Every structure is written in C-alpha cells, then in structure tokens.
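Residue numbers (my numbering): 74 to 393.
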Amino acid sequence: MTMDKNAKIYVAGHRGLVGSALVRCLNEKGYRNLVFRTHAELELRDQCAVQQFFAVERPDHVILAAAKVGGIHANNTYPAEFIHDNLVIQSNVIHSAWQNGVTRLLFLGSSCIYPKQAPQPMTEDCLLTGPLEPTNRPYALAKIAGIEMCWAYNRQYGTRYMAAMPTNLYGPNDNYDLNNSHVLPALLRKTHEAKQRGDKEVVVWGTGKPRREFLYSEDMANACIHLMERSEDGLEGLFNEEQPPLVNIGCGEDLTIRELAEMVAKIVGFTGKLVFDTSKPDGTMRKVMDVSRINALGWQRRTSLSDGIARSYQDMLKKL
Numbered sequence: 074m075t076m077d078k079n080a081k082i083y084v085a086g087h088r089g090l091v092g093s094a095l096v097r098c099l100n101e102k103g104y105r106n107l108v109f110r111t112h113a114e115l116e117l118r119d120q121c122a123v124q125q126f127f128a129v130e131r132p133d134h135v136i137l138a139a140a141k142v143g144g145i146h147a148n149n150t151y152p153a154e155f156i157h158d159n160l161v162i163q164s165n166v167i168h169s170a171w172q173n174g175v176t177r178l179l180f181l182g183s184s185c186i187y188p189k190q191a192p193q194p195m196t197e198d199c200l201l202t203g204p205l206e207p208t209n210r211p212y213a214l215a216k217i218a219g220i221e222m223c224w225a226y227n228r229q230y231g232t233r234y235m236a237a238m239p240t241n242l243y244g245p246n247d248n249y250d251l252n253n254s255h256v257l258p259a260l261l262r263k264t265h266e267a268k269q270r271g272d273k274e275v276v277v278w279g280t281g282k283p284r285r286e287f288l289y290s291e292d293m294a295n296a297c298i299h300l301m302e303r304s305e306d307g308l309e310g311l312f313n314e315e316q317p318p319l320v321n322i323g324c325g326e327d328l329t330i331r332e333l334a335e336m337v338a339k340i341v342g343f344t345g346k347l348v349f350d351t352s353k354p355d356g357t358m359r360k361v362m363d364v365s366r367i368n369a370l371g372w373q374r375r376t377s378l379s380d381g382i383a384r385s386y387q388d389m390l391k392k393l
C-alpha cells in the first residue's frame, strides 16, 4: 500500500511550521488532491464539526499536524489549554478518520514524550519508562495519548495509523514571538532586534549547558511523506501487538544552547556579548533522538543546522 498521486489527503494544521512544510513537500512530490481548512473554517475542538467535515470530504489519508504548541514559557503559563486542546483535537480527528474509512494516518508528536531521564540518544522504546519533564508534562501526556490512540485503533480496527515524533523543529513559517516561541526562533528574533538597536549584549535563558537537537522543517516533512508512501511491508514490522507504531524523526546530532546562541549570533551578524540568565529554567539537560529506525527505512537528514538557520533568518526578516 502506497499513496496514489490522486489520493485525497487531508493535512490538519496546514498553516503552521509543520503543516506548511508538509504541504510544500506534497506539492513538490506531485500530490495535488490536498484538502485544508483554516481554524476559522473548521474548529478541530468541535466534535460535530469535525465529524461533518470527514463525512463530506471523505479523505483517503490524513496527516495530523494541528496542535497547540509553544516553548517553556507558554507551557508553564497555559498548562490546562495545552492538555485540553491537544487531547480534544487529536481525539476528534483520529476517531472521525476511522469512522470514515481512513486507513493510513500520520500523527505528529514531539520528542518531549520521552522521560526526563531517558537514556541518550532516545529510542522509541523509551516511551513510558520514567517521569516526564515537568515544564511540558501536560503537552507530553496529550501527545502520548495520541500515540496510544493510533496503536489502539490499529489493534482493534485494523487501521494503519502511525505516530512520528520529530525533534525540535525550525524553518519557514515558524513562530518568532518572543514569549510563546521555541528556543531557536526566539533566539533569532531576540538577537536580530539586539543588532538593530545596537545593544551590547543578548540575554539567553538558562545556563546555556543543555544540549538540544534541531531539524529543519523541510527535512521533517520529507521524512513524514516518506513514511506515508511506504508500503506496509516496507515499514518493517511497525504495526504489531508489542510496540506502538512510533518513529523518531531527527538528525541524531545535538549541541549546547550556548553553541546554538553563538551560531545564531554569527548568522545574524550580532557582535555583542551573550549573557546567560541562570535564574531561568534549563529544562531537560540533554535531548537527542535515536534515528536508527527512520534511517533504516531509507530516510536521511539533508539540511545542515547552519544552512537551515540562515534560511530561517531570511524567512523571519520577511515577516517582521
């Protein structure tokens, strides 16, 4: 089973960082029968609206990229919204997909599903083996529920729903808001504005010691479509009774936040000093994906971090 070029594919969350990259990748690969709805056109938290949409459109495949996302500040400020909105969105979409005969669905999660003290690099079987990072626990629990839901529907109904867990993503159409964005786009915005003002320093949250992995969104999209296009035989036992249908998507390489801030400063052209505010939380000290499963399925990262940040900087400049 592979995706036909004329198959109707619903991309939920097509305007975001992840969704827009998926749409570009699908278009580049020749898929033209794509279905989208903006938030104003379809409220994914509304069960009746979602059911009606699926009953009318009857998509062949679904990629679920819609979610409430944000960095440490947003997760700490809106924990109830992060767990409620994500649980409702994914439950509505996954259940309606099954009700309307969608056999192949890809659910997008996050590397924060893995335990705070998970062995590094993190393999897929680390799931549910220890406590989560407290700063994003509500969001992580919602995403874990989505993975479990995909697996449960596969076992009970014979669907072939998969869960892809990307590492930290960045790229075109990112959120550059200083209060609600992730670390890399926030650093780009903060460093650019410091350069524009002629500031002598940029303050970075935390000690700068935590290590993080970053993947360009275009590479992530390519990996997702790669999974959707493979036949069941080509997915090498992903659908079974023993393990959830979970695949890490990343590059398998990490760097410190200090090294990241230095790279951003160089690309932006900021020559001032980086100051680390140790009163702010660091989060997990190291998070890097084991990507042996996706690599074994024939996919590799294409874009280097420095090239990706340079492209993202140009994208941000267009939006400011």
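We put the CB at the ideal spot given by N, CA and C, even for glycine.
Predicted model, so just to flag it, every value in this text is computed and none were measured.
**OP:** Tell me, to the nearest whole angstrom, how far the beta carbon of M362 is from that of G323; I am working on the premise that it is less than 8 angstroms.
**Re:** 3 angstroms
Original post:
With respect to the beta strand (DSSP E) encompassing L347, which residues constitute its N-terminal and C-terminal limits?
Top reply: K346 to D350
Original post:
Which parts of the segment 99-145 are runs of the alpha helix (DSSP H), unbroken and 4 residues or longer, counting only runs that do not cross its ends?
Top reply: 120-130
Subject >> Length of the line joining the Cα atoms of K189 and T202 >> reply: 10 angstroms
**OP:** Report the rounded CA-to-CA distance for Y230 versus D119, giving the unit in angstroms.
**Re:** 24 angstroms
Subject >> CB of D247 within 7 angstroms of CB of R375, strictly >> reply: no
Original post:
Does DSSP put W278 in a helix, in a strand, or in coil?
Top reply: strand
Subject >> Bridge-paired residues (DSSP) for N241 >> reply: F287
**OP:** Look up V96 in the DSSP assignment and say whether it is helix, strand or coil.
**Re:** helix
Original post:
What do you reckon, are the CB atoms on V275 and L333 nearer than 7 angstroms?
Top reply: no
Subject >> The beta strand (DSSP E) enclosing V361, as first and last residue numbers >> reply: Here V361 belongs to no beta strand (DSSP E), and DSSP marks it neither H nor E.
**OP:** Report, in whole angstroms, the separation of the C-beta atoms of V256 and G144, which I expect to be a contact under 8 angstroms.
**Re:** 6 angstroms
Original post:
Can you give the Cα-Cα distance for K273 and T264, rounded to whole angstroms?
Top reply: 11 angstroms
**OP:** Find the nearest neighbour of M358 within the set R366, S352 and G281, judged by alpha-carbon distance.
**Re:** G281
**OP:** Can you tell me which of Q269, S304 and R331 puts its alpha carbon nearest to the alpha carbon of R285?
**Re:** R331
Original post:
Exposed or buried, which one is K78 when buried takes at least 16 other CB atoms within 10 Å?
Top reply: exposed
Subject >> Spatial distance of N165 from H157 (CA atoms) >> reply: 12 angstroms
Original post:
When the Cβ atoms of the segment 198-212 are set against those of the segment 367-374, are three or more pairs found closer than 8 angstroms?
Top reply: no
**OP:** Can you give me the Cβ contacts of R110 inside the same chain, cut-off strictly under 7 angstroms, excluding the 5 residues immediately before and after it?
**Re:** F126
Original post:
Going by other Cβ atoms of all chains shown within 10 Å of its Cβ, with 16 needed for buried, is D380 buried or exposed?
Top reply: exposed
Original post:
I186 lies in the alpha helix (DSSP H); which residues open and close that run?
Top reply: Element bounds for I186: n/a, residue is neither H nor E.
Original post:
Less than 7 angstroms separating the beta-carbons of E266 and T75?
Top reply: no
Original post:
Are the C-beta atoms of V161 and some chain D residue less than 7 angstroms apart?
Top reply: Here there is only one protein chain, and chain D is not present.
Subject >> Inter-residue Cα distance where the pair is G345 and L179 >> reply: 44 angstroms
Original post:
Going by the beta-carbon positions, is the gap between G182 and K141 smaller than 7 angstroms?
Top reply: no
**OP:** Assign L393 to one of two classes, buried (16 or more other C-beta atoms within 10 Å of its C-beta) or exposed (fewer than that).
**Re:** exposed
Subject >> 7 angstroms Cβ shell around V161 - same chain, five flanking residues per side excluded >> reply: R118
**OP:** Would you mind sorting C121 into buried or exposed? The rule is 16 or more other CB atoms within 10 Å of its CB.
**Re:** exposed
Original post:
In this structure, does DSSP put F180 in helix, strand or coil?
Top reply: strand
Original post:
Beta-carbon separation of N295 and V364 under 7 angstroms?
Top reply: no
Subject >> Best match in T232, G103, L260 and N241 for proximity to Y249 [C-alpha to C-alpha] >> reply: L260
Original post:
Apart from the five residues on each side of it in sequence, which residues of its chain come closer than 6 angstroms, Cβ to Cβ, to Q163?
Top reply: G219
**OP:** Measure how close the beta-carbons of Y83 and E130 come, nearest whole angstrom, since I'm counting them as under 8 angstroms.
**Re:** 7 angstroms
Original post:
Got a sec, what are the start and stop residues for the beta strand (DSSP E) Y249 sits in?
Top reply: Note, Y249: premise wrong, no beta strand (DSSP E); not H, not E.
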